[in-house]
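Asker: Below is one structure. I have some questions about it.
Number of protein chains: 2
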Amino acid sequence: MPLVVVGSVAIDHVETPTERRNNLLGGSATHFSVSASFFTDVRLVGVVGSDWPEEHTAMLQSKGVDTSGLQVVEGGKTFTWTGRYLPNMNDRETLDVQLNVFGEFDPVLPEDYKRAKYVFLANGVPAVQMKVLSQVPGRRLAVADTMDLWISTQRDDLDQLLGELDGLVLNDSEAKLLTGNENLVEAGRAVQDMGPKFVVIKKGEHGAMFFGEHETYVLPAYPTENVVDPTGAGDSFAGGMMGYLAEKDNFDADTLKTAMAYGILVASFNVEGFGLEHMHNITRDDIEERMEEYRRMLSF
Amino acid sequence: MPLVVVGSVAIDHVETPTERRNNLLGGSATHFSVSASFFTDVRLVGVVGSDWPEEHTAMLQSKGVDTSGLQVVEGGKTFTWTGRYLPNMNDRETLDVQLNVFGEFDPVLPEDYKRAKYVFLANGVPAVQMKVLSQVPGRRLAVADTMDLWISTQRDDLDQLLGELDGLVLNDSEAKLLTGNENLVEAGRAVQDMGPKFVVIKKGEHGAMFFGEHETYVLPAYPTENVVDPTGAGDSFAGGMMGYLAEKDNFDADTLKTAMAYGILVASFNVEGFGLEHMHNITRDDIEERMEEYRRMLSF
Chain D
1 MPLVVVGSVA IDHVETPTER RNNLLGGSAT HFSVSASFFT DVRLVGVVGS
51 DWPEEHTAML QSKGVDTSGL QVVEGGKTFT WTGRYLPNMN DRETLDVQLN
101 VFGEFDPVLP EDYKRAKYVF LANGVPAVQM KVLSQVPGRR LAVADTMDLW
151 ISTQRDDLDQ LLGELDGLVL NDSEAKLLTG NENLVEAGRA VQDMGPKFVV
201 IKKGEHGAMF FGEHETYVLP AYPTENVVDP TGAGDSFAGG MMGYLAEKDN
251 FDADTLKTAM AYGILVASFN VEGFGLEHMH NITRDDIEER MEEYRRMLSF
Chain C
1 MPLVVVGSVA IDHVETPTER RNNLLGGSAT HFSVSASFFT DVRLVGVVGS
51 DWPEEHTAML QSKGVDTSGL QVVEGGKTFT WTGRYLPNMN DRETLDVQLN
101 VFGEFDPVLP EDYKRAKYVF LANGVPAVQM KVLSQVPGRR LAVADTMDLW
151 ISTQRDDLDQ LLGELDGLVL NDSEAKLLTG NENLVEAGRA VQDMGPKFVV
201 IKKGEHGAMF FGEHETYVLP AYPTENVVDP TGAGDSFAGG MMGYLAEKDN
251 FDADTLKTAM AYGILVASFN VEGFGLEHMH NITRDDIEER MEEYRRMLSF
């Protein structure tokens, strides 16, 4: 089934302890789209400026991503993010953010996108995420990401959004902030009480936790030692997870758990290259091979 | 097979955000012994003062722990530790440490202990750990724990010990300190290069990683929301792991992975009560029931 994603499309400048790379294809919707493209047809909604390099669009299209929902604002500039990773490759400093055209993003879905059954709202202003939902009234599964900024400044809008969602994906520090609870198991259940039928807490290099109607579980990250650039790992996780759900056109408990495992594995490939460079080169077979290894790792 | 453990036996005073409890049965060898007692015969080596409450020895004996190696120094005082957990229940402050008789601990193994095949050296001065090893020349499997203090101040002795060990268990920050590497996968392999045939990195609420001759894997912690007192979780983990290996009298790759899973589960029970209170009340059946749930959690 087609999967619609709405979120940021950006140009990233990334510095790690060993290397600096400029003008990488970045953004939450971009990492999500490429990750989901291994599983299903992806329809991207985003906005860029006239500085947007055409080869980035071509790269997305080469992965089968439908970019007809990518607005180009003539004379505008694309969202840019500049960041530096600390030696542990988990903590990072944002050196510069230029929202540019993304600051005025008013997503309008093409007609054929509006019939989508699977929708992912990548991190964005909650009120804008709500406006997207209202454009896909026939959706079967709507999942969103959020971030500390909206939890702190847009809480009313976020609460309203939570009431409309089937699932919420957020990271561990955000779950603690949203609930005021430092115990992740309690925090996950508390987020679920705010509305979403299921909640996924991303723990970075420590994997992810799932909170559903009848079960709570945790799966570890795939232990890659080749961490080149963690940017977009969380969006890749969500892309792998949602892509698999849309492929199966099912979100029962078993499918959700397998989907979470795919999300974890796709994220492990994402961090093995700068931006989307490594993702561009892998295939579904590479993912399936790692999945076999991951299942073996968890069997005893 | 009998399992010998040498380490600290202590009286703990513990403060959490909601409660303060004094005079708890504590110490690395104690948490280890009780945890291992669900699987095999445990022979404890430690030292206490004449203030040691007899009921603590009785509790250990009720779990089948052989306490004939527990020296009592007349007129001496038992090691005490006082600590406070921060609201996240992971970070803690040590408020007071009184080494007392443990500061002069010179472990002498009873004759029947010296024929042990399975030995665990709980956290202690590396030179003292070495002296224990020399008393069990016919051992089949020797595993040790260590800590930041010895890594920083007793590095030569520790390096010598690493060359004698079959396995080393340490936590994530200690692995980074020991190797100077912030990537845990690389750090684990680097520790292995220092001598031990296998290395286990404990990640607290995030589970544990294993580095063996032919494989690297990670297993998540069991997601308990009932974290009452994390003291001794790492020692309980080691106790469950070593106890299972001694029970099976085997440490091939499959047995090691199952043993690590038991360690994770026993640690999850340990944190559900102050000191060893909850451990005192559970049975092997409780562990097996949680193991079934854990295996289900990791299956998809």
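Going down the list, the sequences are from chains D and C.
Quick note on UniProt numbering: the first sequence kicks off at 1 and runs consecutively.
Quick note on UniProt numbering: the second sequence kicks off at 1 and runs consecutively.
The C-beta atom is built at its ideal place from N, Cα and C for all residues, glycine as well.
None of the values given here were measured: they were computed from a predicted structure.
#1: Check the Cβ of residue 18 of chain C against every Cβ in chain D and list those closer than 8 Å, keeping chain order.
#2: Between which residues of its own chain and residue 177 of chain C is the CB-CB distance below 8 Å, once the five residues before and five after are set aside?
#3: Note down, in chain order, each residue of its chain lying with its Cβ closer than 6 Å to the Cβ of residue 118 of chain C, except the 5 sequence neighbours on either side.
#4: Taking C-beta to C-beta, are residue 249 of chain C and residue 32 of chain C nearer than 8 Å?
#5: Candidates D/116, D/121, D/168 and D/145: which alpha carbon is nearest residue 137 of chain D's?
#6: Given this structure, state the Cα-to-Cα distance separating residue 206 of chain C from residue 89 of chain C, to the nearest angstrom.
#7: Run the CB neighbour count on residue 55 of chain C, radius 10 Å, all protein chains shown included, and call it buried at 16 or more, exposed below.
#8: Any idea if residue 109 of chain D is buried or exposed, counting beta-carbon neighbours within 10 angstroms, 16 or more meaning buried?
#9: Closer than 9 Å, Cβ to Cβ, to anything on chain D: give me those residues from the segment 218-230 of chain C, in chain order.
#10: Got a sec? Which residues, its chain only, sit under 8 Å from residue 166 of chain C by beta carbon, not counting five neighbours each side?
#11: I want to see whether chain D comes within less than 8 Å of residue 300 of chain C, judged by CB atoms only; does it?
#12: Any Cβ of chain D within less than 8 Å of the Cβ of residue 271 of chain C?
#13: Alpha carbon to alpha carbon, how far is residue 128 of chain C from residue 71 of chain C?
#14: Output, in sequence order along the chain, the residues in the segment 168-180 of chain C whose CB is closer than 9 Å to any CB in chain D.
#15: Mapping the DSSP letters down to three states, classify residue 81 of chain D as helix, strand or coil.
#16: Apart from the five residues just before and just after residue 76 of chain D, which ones in its own chain have a Cβ nearer than 7 Å to its Cβ?
#17: So, residue 7 of chain C versus residue 29 of chain C, is the Cβ gap smaller than 8 Å?
#18: Mind checking which residues open and close the beta strand (DSSP E) that includes residue 36 of chain D?
#19: With contact counted as at least three CB pairs below 8 Å, one residue from each stretch, are the segment 222-231 of chain C and the segment 227-243 of chain D in contact?
#20: Would you report the Cα separation of residue 215 of chain D and residue 194 of chain D, rounded to the nearest angstrom?
#21: Using the beta-carbon of each residue, which ones in chain D are nearer than 9 Å to residue 254 of chain C?
#22: If you draw a straight line from the alpha carbon of residue 237 of chain D to that of residue 262 of chain D, how long is it in whole angstroms?
#23: Which residues in the same chain as residue 243 of chain D place their Cβ atom closer than 6 Å to its Cβ, once the five residues preceding and following it in sequence are excluded?
#24: According to DSSP, is residue 16 of chain C part of a helix, a strand, or is it coil?
#25: Would you kindly check if the distance between the Cβ of residue 225 of chain D and the Cβ of residue 183 of chain C is under 8 Å?
#26: Return the CA-CA distance between residue 189 of chain C and residue 83 of chain D, expressed in angstroms with no decimal places.
#27: To the nearest whole angstrom, what separates the beta carbons of residue 259 of chain D and residue 241 of chain D, a pair I think is in contact under 8 Å?
#28: For residue 264 of chain D, which residues from the same chain have a beta carbon less than 7 Å from its beta carbon, with the 5 sequence-adjacent residues on both sides left out?
#29: Does the beta-carbon of residue 179 of chain C have 16 or more other beta-carbons within 10 angstroms, so that it is buried, or is it exposed?
#30: As an exercise, report each continuous alpha helix (DSSP H) stretch of at least 4 residues that is fully enclosed by the segment 34-107 of chain C, in chain order.
#31: On the three-state DSSP scale, how would you describe residue 165 of chain C?
#32: Counting contacts by CB-CB distance shorter than 8 Å, is residue 185 of chain D in contact with chain C?
#33: Since residue 182 of chain D meets chain C, which of its residues come closer than 7 Å, beta carbon to beta carbon?
#34: Check each residue of the segment 206-218 of chain C: if its Cβ is closer than 9 Å to any Cβ of chain D, include it; give the result in chain order.
#35: Under the three-state reduction of DSSP, which class applies to residue 252 of chain C: helix, strand or coil?
#36: Kindly identify the DSSP beta-bridge partner or partners of residue 201 of chain C.
Answerer: Considering the structure as presented:
#1: Within the second sequence, the letter at position 18 stands for residue 18 of chain C. Against residue 18 of chain C, chain D offers no close residue; the least beta-carbon distance is about 12 Å (beta-carbon pairs closer than 8 Å).
#2: On the second sequence, position 177 is the one that residue 177 of chain C refers to. Cβ neighbours of residue 177 of chain C beyond the five flanking positions: 148, 151 and 152.
#3: Counting from 1 along the second sequence, the entry for residue 118 of chain C is found at position 118. Correct list, in chain order: 1, 3, 141 and 246.
#4: The residue labelled residue 249 of chain C in the question sits at position 249 within the second sequence. The residue labelled residue 32 of chain C in the question sits at position 32 within the second sequence. Going by C-beta atoms, residue 249 of chain C is not nearer than 8 Å to residue 32 of chain C.
#5: Position 137 of the first sequence, counted from the first residue, corresponds to residue 137 of chain D. The residue from D/116, D/121, D/168 and D/145 with its alpha-carbon nearest to that of residue 137 of chain D is D/116.
#6: Start at 1 with the first residue of the second sequence, and residue 206 of chain C comes out as number 206. Start at 1 with the first residue of the second sequence, and residue 89 of chain C comes out as number 89. Spanning the two alpha carbons is a distance of roughly 13 Å.
#7: Within the second sequence, residue 55 of chain C is the residue found at index 55, counting from 1. Residue environment: residue 55 of chain C is assigned as exposed (fewer than 16 neighbouring CB atoms within 10 Å of its CB, all protein chains considered).
#8: As a first step, residue 109 of chain D is located in the first sequence; it is residue number 109 there, counting from the start. Buried is the call here.
#9: Only 218, 219, 220, 221, 222, 223, 224, 225, 226 and 227 from the segment 218-230 of chain C bring a Cβ to less than 9 Å from some Cβ of chain D.
#10: Taking the first residue of the second sequence as 1, we reach residue 166 of chain C at position 166. Here the set comprises 141, 142, 143, 196, 197, 198 and 251.
#11: By one-based count along the second sequence, residue 300 of chain C stands at place 300. Against chain D, the CB of residue 300 of chain C has a partner CB under 8 Å away; the residue lies at that interface.
#12: Along the second sequence, read from residue 1 onward, the residue named residue 271 of chain C stands at position 271. Chain D, which has no Cβ nearer than 8 Å to the Cβ of residue 271 of chain C, makes this no.
#13: Along the second sequence, one-based indexing puts residue 128 of chain C at 128. Along the second sequence, one-based indexing puts residue 71 of chain C at 71. So the two alpha carbons sit approximately 16 Å from each other.
#14: Cβ contacts with chain D come from 176.
#15: Stepping through the first sequence from its first residue, residue 81 of chain D is reached at position 81. If DSSP states are grouped into helix, strand and coil, residue 81 of chain D belongs with the strands.
#16: Residue 76 of chain D sits at position 76 when you count from the first residue of the first sequence. Once the five neighbours on either side are set aside, the close Cβ partners of residue 76 of chain D are 49, 50, 100 and 101.
#17: For the purposes of this step, residue 7 of chain C is taken as residue 7 along the second sequence, with counting starting at 1. For the purposes of this step, residue 29 of chain C is taken as residue 29 along the second sequence, with counting starting at 1. It is a contact, given that the beta carbons lie within the stated cut-off.
#18: Here residue 36 of chain D corresponds to residue number 36 of the first sequence, with the count starting at 1. No beta strand (DSSP E) contains residue 36 of chain D, which is instead part of the alpha helix (DSSP H) from 28-36.
#19: Taking 8 Å as the limit for Cβ pairs, the verdict is that the segment 227-243 of chain D does not touch the segment 222-231 of chain C.
#20: For the purposes of this step, residue 215 of chain D is taken as residue 215 along the first sequence, with counting starting at 1. For the purposes of this step, residue 194 of chain D is taken as residue 194 along the first sequence, with counting starting at 1. C-alpha separation (whole angstroms): 17 Å.
#21: Walking along the second sequence from the start, residue 254 of chain C turns up at place 254. Residues of chain D passing the Cβ test: 300.
#22: In the first sequence, the residue the question calls residue 237 of chain D occupies position 237. In the first sequence, the residue the question calls residue 262 of chain D occupies position 262. The C-alpha of residue 237 of chain D lies about 8 Å from the C-alpha of residue 262 of chain D.
#23: Stepping through the first sequence from its first residue, residue 243 of chain D is reached at position 243. Around residue 243 of chain D: 36, 39 and 40.
#24: Taking the second sequence and counting its residues from 1, one reaches residue 16 of chain C at position 16. In this structure, DSSP gives residue 16 of chain C a state outside helix and strand, which the three-state scheme calls coil.
#25: Within the second sequence, numbered from 1, the residue matching residue 183 of chain C stands at position 183. Within the first sequence, numbered from 1, the residue matching residue 225 of chain D stands at position 225. Yes.
#26: Counting from one through the second sequence, the residue named residue 189 of chain C turns up at place 189. Counting from one through the first sequence, the residue named residue 83 of chain D turns up at place 83. Approximately 29 Å between the Cα atoms of the pair.
#27: Taking the first residue of the first sequence as position 1, residue 259 of chain D is located at position 259. Taking the first residue of the first sequence as position 1, residue 241 of chain D is located at position 241. Yes, they are in contact, since the Cβ atoms of residue 259 of chain D and residue 241 of chain D sit about 5 Å apart, within 8 Å.
#28: Taking the first residue of the first sequence as 1, we reach residue 264 of chain D at position 264. Its chain contains 207, 208, 219, 221, 222 and 237 as the residues whose beta carbon lies nearer than 7 Å to that of residue 264 of chain D, once the 5 sequence neighbours on both sides are disregarded; these appear in chain order.
#29: The sequence position of residue 179 of chain C within the second sequence is 179, counting from 1. Residue 179 of chain C is buried by the Cβ-count criterion.
#30: Taken in chain order, the complete alpha helix (DSSP H) segments of 4 residues or longer contained in the segment 34-107 of chain C are 54-62.
#31: Here the question's residue 165 of chain C lines up with position 165 in the second sequence. Reduced to three states, the DSSP call for residue 165 of chain C is coil.
#32: The residue labelled residue 185 of chain D in the question sits at position 185 within the first sequence. For residue 185 of chain D, the answer is yes, since a Cβ of chain C falls inside 8 Å of its Cβ.
#33: For the purposes of this step, residue 182 of chain D is taken as residue 182 along the first sequence, with counting starting at 1. Chain C residues near residue 182 of chain D: 87, 88 and 89.
#34: Residues of the segment 206-218 of chain C with a C-beta atom less than 9 Å from some C-beta of chain D are 206, 207, 209, 215, 216, 217 and 218, listed in chain order.
#35: Sequence index remark: in the second sequence, residue 252 of chain C carries index 252 (1-based). Looking at residue 252 of chain C - three-state DSSP - the assignment turns out to be coil, as it is neither helix nor strand.
#36: Position 201 of the second sequence, counting from 1, holds the residue named residue 201 of chain C. DSSP, once it has assigned bridges, lists C/170 and C/209 as partnering residue 201 of chain C.
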